[in-house]
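In this note's numbering, the protein residues as written are 81 to 187.
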């Protein structure tokens, strides 16, 4: 589903008490999750996974999810990202599987 809304991101540096612009992920998007780990933000969308190094303000592409998902949830536990549930396809079929992505191994 295409979305033509805003795609701006900002981050607060609590030590400086200032807001900073974050480089854009790309085109405007909806139905995504952001999770954080260390100095990284992970952007997860049905067909892509990207990591933002907040110190460098640079996005890097990562391996995509194995299954295209919309309206899912994502959490980090230890060094793993878990993507849970979702809908998929034109008929919005429910996805009951869980995908795990290891942050250290990029797999």
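Ideal Cβ positions, reconstructed from N, Cα and C, are used throughout, including at glycine.
Between which two residues does the beta strand (DSSP E) containing residue i stretch?
i: residue 182; result: 178-182
i: residue 172; result: Premise fails: residue 172 is in no beta strand (DSSP E) and is neither H nor E.
i: residue 102; result: 98-102
i: residue 142; result: 138-142
Out of curiosity, what's the CA-to-CA distance linking residue i and residue j?
i: residue 130; j: residue 162; result: 15 Å
i: residue 173; j: residue 151; result: 11 Å
i: residue 127; j: residue 175; result: 15 Å
i: residue 125; j: residue 95; result: 30 Å
i: residue 133; j: residue 171; result: 36 Å
i: residue 112; j: residue 90; result: 16 Å
Taking its Cβ as the centre, do 16 or more other Cβ atoms sit within 10 Å of residue i, making it buried, or is it exposed?
i: residue 100; result: exposed
i: residue 154; result: buried
i: residue 149; result: buried
Counting Cβ pairs, one atom from each stretch, are 3 or more of them under 8 Å apart for the segment 153-168 and the segment 137-144? no
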